[in-house]
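So the structure is just underneath, and the comments pick up after that.
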Amino acid sequence: MDSAGFSMKLWPPSLSTRLMLVERMTKNLITPSILSRKYGLLSKEEAEEDAKQIEALAFDSANQHFDKEPDGDGSSAVQLYAKESSKLMLEVIKRGPQTKESAEGIVSEKVKASDETTIFDISKGRRDFLSAEEASELLKPLSEPGNNYKRICFSNRSFGVDAAKIAGPILSSLKDQLTEVDLSDFVAGRPEEEALEVMEIFSSALDACDLRYLDLSNNALGEKGIRAFGALLKSQKNLEELYLMNDGISEEAAQAVCELIPSTDKLRILHFHNNMTGDEGALAISKLVKHSPALEDFRCSSTRVGSEGGVALSQALGECRNLKKVDLRDNMFGVEAGIALSKVLSIFSGLTEIYLSYLNLEDEGSIALANVLKESAPSLEVLEMDGNDITAKAAPALAACIAAKQFLTTLKLGENELKDEGAILIAKALEDGHGQLTEVDMSTNAIRRAGARCLAQAVVNKPGFKVLNINGNFISDEGIDEVKDIFKNSLHVLGPLDDNDPEGEDYDEEADEGGDNENDLETRLKDLDIKQEE
Numbered sequence: 001m002d003s004a005g006f007s008m009k010l011w012p013p014s015l016s017t018r019l020m021l022v023e024r025m026t027k028n029l030i031t032p033s034i035l036s037r038k039y040g041l042l043s044k045e046e047a048e049e050d051a052k053q054i055e056a057l058a059f060d061s062a063n064q065h066f067d068k069e070p071d072g073d074g075s076s077a078v079q080l081y082a083k084e085s086s087k088l089m090l091e092v093i094k095r096g097p098q099t100k101e102s103a104e105g106i107v108s109e110k111v112k113a114s115d116e117t118t119i120f121d122i123s124k125g126r127r128d129f130l131s132a133e134e135a136s137e138l139l140k141p142l143s144e145p146g147n148n149y150k151r152i153c154f155s156n157r158s159f160g161v162d163a164a165k166i167a168g169p170i171l172s173s174l175k176d177q178l179t180e181v182d183l184s185d186f187v188a189g190r191p192e193e194e195a196l197e198v199m200e201i202f203s204s205a206l207d208a209c210d211l212r213y214l215d216l217s218n219n220a221l222g223e224k225g226i227r228a229f230g231a232l233l234k235s236q237k238n239l240e241e242l243y244l245m246n247d248g249i250s251e252e253a254a255q256a257v258c259e260l261i262p263s264t265d266k267l268r269i270l271h272f273h274n275n276m277t278g279d280e281g282a283l284a285i286s287k288l289v290k291h292s293p294a295l296e297d298f299r300c301s302s303t304r305v306g307s308e309g310g311v312a313l314s315q316a317l318g319e320c321r322n323l324k325k326v327d328l329r330d331n332m333f334g335v336e337a338g339i340a341l342s343k344v345l346s347i348f349s350g351l352t353e354i355y356l357s358y359l360n361l362e363d364e365g366s367i368a369l370a371n372v373l374k375e376s377a378p379s380l381e382v383l384e385m386d387g388n389d390i391t392a393k394a395a396p397a398l399a400a401c402i403a404a405k406q407f408l409t410t411l412k413l414g415e416n417e418l419k420d421e422g423a424i425l426i427a428k429a430l431e432d433g434h435g436q437l438t439e440v441d442m443s444t445n446a447i448r449r450a451g452a453r454c455l456a457q458a459v460v461n462k463p464g465f466k467v468l469n470i471n472g473n474f475i476s477d478e479g480i481d482e483v484k485d486i487f488k489n490s491l492h493v494l495g496p497l498d499d500n501d502p503e504g505e506d507y508d509e510e511a512d513e514g515g516d517n518e519n520d521l522e523t524r525l526k527d528l529d530i531k532q533e534e
């Protein structure tokens, strides 16, 4: 090959390069230095947030420079990217750590100023049907020469054909600069035929946009709507975020999505919440997931997926090693799909949030998942497993998992059948450490006085704890008084108890005949160790 005809493109940097820079800046911001001794050392949480904002600002500046760069290879954009990052990081170090009550810092102010010039958002106005005249007036800033809008949000406004015909040419003129498009809920109340025509107009106008973010949620798309956006979807090769929530995504619509989008190699966030996808649709989505190796956040909740689709989705997620957040709530997975998911969980070393409520996991599926989670996901912050018919049989496995998850902020196990035996084990698991815990939900678990008391004692002294939900249980009046006394200095932390039933409905008759059931149970369990493998 003739070297004169070969040109290496240095800009834009890859997503992994950008994330690496954020990590490096975070580390620098929390590392003690001469400057930090003078101005103060940032917490990891504040440093991470500042690093993300610094990178975004530096990237925007360098990207604008690259658009005007005469040589076009991106070398000067890379230099500017590094220079801006370094300059902003020094400003943040000299600003020092901030409290939430303090004034906004350098980065926040610059981000706000940057957002004002790059984001065009009409969603905050009143929800109404747009006429052509209103659309023309509302979209005027997008027509101004030299505007720098990269992100547009047309959500919450209903476009008819006349308004869409005004918007179309304007959007078409911006297709070389747009990177984020939000068209959620933008044809509300329109007849199907008109809505589809509007979608086609927008799709044609945005065809060939090199988007990173696309939100088409809340539009009752179905297969017809997905195909109406065909031109737009077919041109997307670099999408990082895709939202198709509450869109009537059926089996056929899911297959259309997979057929139309040419590449999901860079996709980090994929949300399919509240659709009628079913098992066959889940099989189609699984193919999309399988080809999304960069996926970090996957949501497929409330989509009517059963065991077959759950197994397929679980297996597909095995190709996504970067997952940090998984939300599969409110489906009909069952035990088999739960076990299939447990077989891939161990590869998600960076997992921080997992939502597995209302999946019919039962004890077998829950135990399988808990056993794997105990040995993996060291930074897990959110664990939700409400409504899975979990009994005290699964409590030892759950407790061992919870004891190992020292970064937990939220634990939800409501609407199960853990009873006092399970509640006491869970409480014991939470006693030591767990300094970041803010919420525990053990509501509707047939818990009585002993279990309620142990849970209250386990969380009452956690520094940032916000709410303990033990409503809907069978706690005696004396037990309620006991719990309130434990929280006497922080009653606001104790959730409502108006659905508690002191009489209970499922006493164990044999245990009752044996004497004081609550005290006996607590005695038997108080010295029980939660076994953890070395």
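Each residue of the sequence shown is one higher than the one before, starting from 1 at the first, in full-length UniProt numbering.
We treat Cβ as the ideally placed atom computed from N, Cα and C, and that holds for glycine.
Where does glutamate 200 fall in DSSP's three states? Here residue 200 refers to the residue found at position 200 of the sequence shown. Helix at glutamate 200.
What did DSSP end up calling glutamate 49 once you bin it into helix, strand or coil? Numbered from its first residue, the sequence shown carries residue 49 at position 49. DSSP places glutamate 49 in helix when its eight states are reduced to three.
Here's a check: name, in chain order, each residue in its chain whose Cβ is nearer than 6 Å to the Cβ of alanine 56, leaving out the five neighbours to either side. In the sequence shown, the residue the question calls residue 56 occupies position 56. If we look at alanine 56 and ignore the five residues flanking it on each side, it has no Cβ neighbours.
Taking just the CA atoms, how far does alanine 395 sit from leucine 408? If you number the sequence shown from 1, residue 408 lands on position 408. If you number the sequence shown from 1, residue 395 lands on position 395. Roughly 17 Å separates the two Cα atoms.
Within this structure, are the beta carbons of leucine 221 and alanine 253 separated by less than 8 Å? Position 221 of the sequence shown, counted from the first residue, corresponds to residue 221. Position 253 of the sequence shown, counted from the first residue, corresponds to residue 253. Cβ distance < 8 Å, so leucine 221 and alanine 253 count as in contact.
Which residues in the same chain as valine 459 place their Cβ atom closer than 7 Å to its Cβ, once the five residues preceding and following it in sequence are excluded? The residue you call residue 459 lines up with position 459 of the sequence shown. A distance below 7 Å between beta-carbons, with the five flanking residues on each side excluded, links valine 459 to the following residues of its chain, in chain order: Leu430, Leu437, Val440, Phe465 and Leu468.
Cβ of asparagine 471 within 8 Å of Cβ of proline 502? Numbered from its first residue, the sequence shown carries residue 471 at position 471. Numbered from its first residue, the sequence shown carries residue 502 at position 502. Their beta carbons are not under 8 Å apart, which means asparagine 471 does not touch proline 502 by this criterion.
Tell me the rounded alpha-carbon separation between leucine 142 and leucine 183. Within the sequence shown, the letter at position 142 stands for residue 142. Within the sequence shown, the letter at position 183 stands for residue 183. Their Cα atoms are separated by approximately 16 Å.
Could you name the residues that DSSP lists as bridge partners for lysine 266? Translated into the one-based positions of the sequence shown, residue 266 becomes position 266. Paired residues: none, contrary to the question.
Between Ala231, Leu206, Asp432 and Phe154, which has its C-alpha nearest proline 463's C-alpha? Position 463 of the sequence shown, counted from the start, is the residue given in the question as residue 463. Ranking the options by Cα distance to proline 463, first place goes to Asp432.
Do isoleucine 269 and aspartate 247 have their beta-carbon atoms positioned less than 8 Å apart in this structure? Sequence index remark: in the sequence shown, residue 247 carries index 247 (1-based). Sequence index remark: in the sequence shown, residue 269 carries index 269 (1-based). Going by C-beta atoms, aspartate 247 is not nearer than 8 Å to isoleucine 269.
Rank Thr179, Gly422 and Leu242 by C-alpha distance to the C-alpha of proline 12 and give the top, closest one. Here residue 12 refers to the residue found at position 12 of the sequence shown. It is Thr179 whose Cα lies nearest to the Cα of proline 12.
Anticipated Cβ contact below 8 Å, leucine 398 with alanine 377, distance rounded: Residue 398 sits at position 398 when you count from the first residue of the sequence shown. Residue 377 sits at position 377 when you count from the first residue of the sequence shown. Incorrect: roughly 14 Å between the Cβ atoms, too far for contact.
Range covered by the beta strand (DSSP E) that runs through aspartate 297: Translated into the one-based positions of the sequence shown, residue 297 becomes position 297. Boundaries of the beta strand (DSSP E) around aspartate 297: 297-299.
Classify phenylalanine 129 as helix, strand or coil using the three-state DSSP reduction. Numbered from its first residue, the sequence shown carries residue 129 at position 129. In this structure, phenylalanine 129 counts as strand in the three-state DSSP scheme.
Who are cysteine 153's beta bridge partners in DSSP? The residue given as residue 153 occupies position 153 in the sequence shown. Paired residue(s): Asp121 and Asp182.
What is the rounded straight-line gap between the Cα of phenylalanine 154 and the Cα of lysine 140? Start at 1 with the first residue of the sequence shown, and residue 154 comes out as number 154. Start at 1 with the first residue of the sequence shown, and residue 140 comes out as number 140. So the alpha carbons of these two residues sit roughly 14 Å apart.
C-alpha distance - leucine 174 paired with phenylalanine 186, whole-angstrom precision: As a first step, residue 174 is located in the sequence shown; it is residue number 174 there, counting from the start. As a first step, residue 186 is located in the sequence shown; it is residue number 186 there, counting from the start. The alpha-carbon atoms of leucine 174 and phenylalanine 186 are separated by roughly 19 Å.
Could I get the ranges of all uninterrupted alpha helix (DSSP H) runs contained in the stretch 362-430, with 4 residues as the minimum, in chain order? You should have 362-375 and 395-404.
Is it buried or exposed for methionine 199, if we count other Cβ within 10 angstroms and need 16 for buried? Within the sequence shown, numbered from 1, the residue matching residue 199 stands at position 199. By the C-beta density criterion, methionine 199 is buried, having at least 16 other C-beta atoms within 10 angstroms.
What do you reckon, are the CB atoms on leucine 351 and lysine 324 nearer than 8 Å? Position 351 of the sequence shown, counted from the start, is the residue given in the question as residue 351. Position 324 of the sequence shown, counted from the start, is the residue given in the question as residue 324. If you check the CB distance, leucine 351 and lysine 324 come in under 8 Å.
What does the Cβ neighbour count give for aspartate 279, buried or exposed, with the cut at 16 atoms within 10 Å? Counted from its first residue, the sequence shown places residue 279 at position 279. So aspartate 279 ends up on the buried side.
Report the option in Lys150, Ala164, Asn147 and Arg151 whose CA atom is closest to the CA atom of alanine 132. Walking along the sequence shown from the start, residue 132 turns up at place 132. Checked all of Lys150, Ala164, Asn147 and Arg151; the closest Cα to alanine 132 is Ala164.
So the candidates are Leu380, Gln406, Glu415 and Ala284; which of them puts its Cα closest to the Cα of residue 540? Examination of residue 540 is not possible in this model, given that the chain is present from 1 through 534 alone.
For isoleucine 354, three-class secondary structure by DSSP: Here residue 354 refers to the residue found at position 354 of the sequence shown. Strand.
Put serine 349 into one of helix, strand or coil per three-state DSSP. Position 349 of the sequence shown, counting from 1, holds the residue named residue 349. Coil at serine 349, not helix or strand.
Suppose you measure from the CA of glutamate 478 to the CA of aspartate 485; what does that come to, to the nearest Å? For the purposes of this step, residue 478 is taken as the residue at position 478 of the sequence shown. For the purposes of this step, residue 485 is taken as the residue at position 485 of the sequence shown. A direct Cα-to-Cα measurement between glutamate 478 and aspartate 485 gives close to 11 Å.
If we count the other Cβ atoms within 10 Å of its Cβ and call it buried at 16 or more, is glutamate 509 buried or exposed? Numbered from 1 along the sequence shown, position 509 holds the residue referred to as residue 509. With a pLDDT of only 40 at glutamate 509, under the threshold of 50, the placement of this residue in the model should not be trusted; the figure read from the coordinates follows. The residue is exposed, with fewer than 16 neighbouring Cβ atoms inside 10 Å.
Thinking just about the alpha-carbon of each residue, which of Ser490, Leu239, Pro262 and Ala231 is nearest to the one in aspartate 215? Along the sequence shown, read from residue 1 onward, the residue named residue 215 stands at position 215. When each option's Cα is compared against that of aspartate 215, the closest is Leu239.
Could you check the C-alpha separation between alanine 135 and serine 123 for me, to the nearest Å? Start at 1 with the first residue of the sequence shown, and residue 135 comes out as number 135. Start at 1 with the first residue of the sequence shown, and residue 123 comes out as number 123. One Cα belongs to alanine 135, the other to serine 123, and the distance between them is close to 13 Å.
In chain order, each beta strand (DSSP E) run of at least 3 residues that lies wholly inside the stretch 422-485: Every unbroken stretch of the beta strand (DSSP E) spanning 3 or more residues and falling wholly within the stretch 422-485 is given here in chain order: 439-441 and 467-469.
State buried or exposed for aspartate 363, treating a residue as buried only when at least 16 other CB atoms are found within 10 Å of its CB. Position 363 of the sequence shown, counted from the first residue, corresponds to residue 363. Counting Cβ neighbours within 10 Å, aspartate 363 comes out buried, since at least 16 surround it.
Option nearest isoleucine 119 by Cα separation, candidates Asn388, Lys94 and Lys150: Counted from its first residue, the sequence shown places residue 119 at position 119. Measuring from the Cα of isoleucine 119, the nearest candidate turns out to be Lys150.
Option in Leu361, Asp330 and Asn322 with minimal Cα separation from serine 349: Within the sequence shown, residue 349 is the residue found at index 349, counting from 1. Ranked by how close their Cα comes to the Cα of serine 349, the residues Leu361, Asp330 and Asn322 have Asn322 in first place.
In whole angstroms, give me the CA-to-CA distance for aspartate 499 and serine 172. Working through the sequence shown from its first residue, we reach residue 499 at position 499. Working through the sequence shown from its first residue, we reach residue 172 at position 172. Approximately 56 Å between the Cα atoms of the pair.
Does the beta-carbon of alanine 316 have 16 or more other beta-carbons within 10 angstroms, so that it is buried, or is it exposed? Working through the sequence shown from its first residue, we reach residue 316 at position 316. Classification of alanine 316: buried, given that the 10 Å Cβ count is 16 or more.
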